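Down below is the structure, laid out as structure tokens.
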Amino acid sequence: MKIITLNAWDGRGGTTALLNFFKNWQDVDIFCLQEIFNGGENDVDEVKSNVPEKEYRLFTLITEALPTHQGFFRPSLKDFYGLAMFVKKNITIVEEGVYFVHQYQGYVPDDDIRCHARNIQYIKTEINGKQTAVMNFHGLWNGNGKTDTEDRIQQSTNILHITKNISENFVLCGDFNLLPDTKSIKMLEAVGLRNLIKEYGITSTRTSYYMKPDRYADYVFVTAGLEVTDFKALPEEVSDHAPLYTEVT
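The end of the sequence shown is residue 249 by the UniProt record's numbering, with every number in the run present.
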């Protein structure tokens, strides 16, 4: 199974380049995407001011760029912004859904709207009689860096409550908004999840669009029952985050 996770940055790296990226990698089985708009043009004024170059039709445009895939959208802010997964149509999907791990569905903060609720989107697939879960995650942003906070530790606690009830082997990936030495990350490692960023010695998950010194944000965790046959940060710069490619069996 080939998986790419990417924070699409609302399309701000250039919609044409982003869509060409998906076309070039259309042999990938599952795309796990964060920061995806699916409408919202006439909704929240604060979103408009914070993200002036966003692409409101991003989910639709990616759907059109990937005709061999089925798209699933799960919002974390109102009904128009959040997570998307694109799965090859020849893959059997046993289940698709969402869990909230910070705040709740429909939560809108009183101050900075970017501190909205956070969720995990998941699918359970069956390939050659073997079931595997793939989870797509975008972690809490607070405007104060990527270090531990009570909310982030609680977020990791909530993730562990979810994963302990998943009987299948799974991949958990996305933009965690965390540094590698945080307790919030180490909590996931402590239960036996393989941190592929650490295991493969990846030194940055950001691109030249990102000007701050911290070079970590994105992670891929896998259970011990999956064999990882390839893992790498891809060189294409279509966002301020690097795409991460994982292949498991």
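Idealized CB from N, CA, C, for every residue including glycine. Since this is a predicted model, take the numbers as computed values, not measurements.
Residue i burial status per 10 Å Cβ neighbour count (16 or more: buried)
{"i": "residue 205", "result": "buried"}
{"i": "residue 89", "result": "exposed"}
{"i": "residue 145", "result": "exposed"}
{"i": "residue 41", "result": "exposed"}
{"i": "residue 156", "result": "buried"}
{"i": "residue 76", "result": "buried"}
{"i": "residue 167", "result": "exposed"}
{"i": "residue 92", "result": "exposed"}
{"i": "residue 203", "result": "exposed"}
{"i": "residue 17", "result": "exposed"}
Secondary structure of residue i, DSSP reduced to three states
{"i": "residue 249", "result": "coil"}
{"i": "residue 11", "result": "helix"}
{"i": "residue 113", "result": "helix"}
{"i": "residue 152", "result": "helix"}
{"i": "residue 197", "result": "helix"}
{"i": "residue 119", "result": "strand"}
{"i": "residue 125", "result": "strand"}
{"i": "residue 223", "result": "coil"}
{"i": "residue 35", "result": "strand"}
Rounded separation between residue i and residue j - CA only
{"i": "residue 97", "j": "residue 121", "result": "6 Å"}
{"i": "residue 95", "j": "residue 216", "result": "31 Å"}
{"i": "residue 131", "j": "residue 220", "result": "19 Å"}
{"i": "residue 4", "j": "residue 154", "result": "27 Å"}
{"i": "residue 160", "j": "residue 188", "result": "7 Å"}
{"i": "residue 151", "j": "residue 102", "result": "8 Å"}
{"i": "residue 232", "j": "residue 198", "result": "11 Å"}
{"i": "residue 126", "j": "residue 105", "result": "28 Å"}
{"i": "residue 123", "j": "residue 201", "result": "28 Å"}
{"i": "residue 8", "j": "residue 212", "result": "18 Å"}
{"i": "residue 22", "j": "residue 61", "result": "10 Å"}
Close beta carbons around residue i, own chain, < 7 Å, minus the five adjacent residues each side
{"i": "residue 63", "result": "71"}
{"i": "residue 177", "result": "139, 140, 141, 146, 217"}
{"i": "residue 26", "result": "66, 68"}
{"i": "residue 158", "result": "101"}
CB contact below 8 Å: residue i versus chain C
{"i": "residue 215", "result": "In summary, chain C is missing from the structure at hand, where a single protein chain is found."}
Contacting residues, own chain, Cβ-Cβ under 6 Å from residue i (five flanking each side not counted)
{"i": "residue 58", "result": "11, 36, 37"}
{"i": "residue 162", "result": "99"}
{"i": "residue 1", "result": "29, 248"}
{"i": "residue 234", "result": "243, 245"}
Contacts around residue i, its chain only, beta-carbon distance under 8 Å, and the 5 residues preceding and following it disregarded
{"i": "residue 115", "result": "109, 140, 141, 142, 143"}
{"i": "residue 182", "result": "146, 147, 148, 152"}
**Message:** Three Cβ pairs or more, each shorter than 8 Å: is that satisfied between the region 224–240 and the region 196–215?
**Reply:** yes
**Asked** Counting Cβ pairs, one atom from each stretch, are 3 or more of them under 8 Å apart for the region 70–87 and the region 121–141?
**Response** yes
**Asked** Counting pairs of beta carbons, one from the region 221–232 and one from the region 180–197, are three or more of them closer than 8 Å?
**Response** yes
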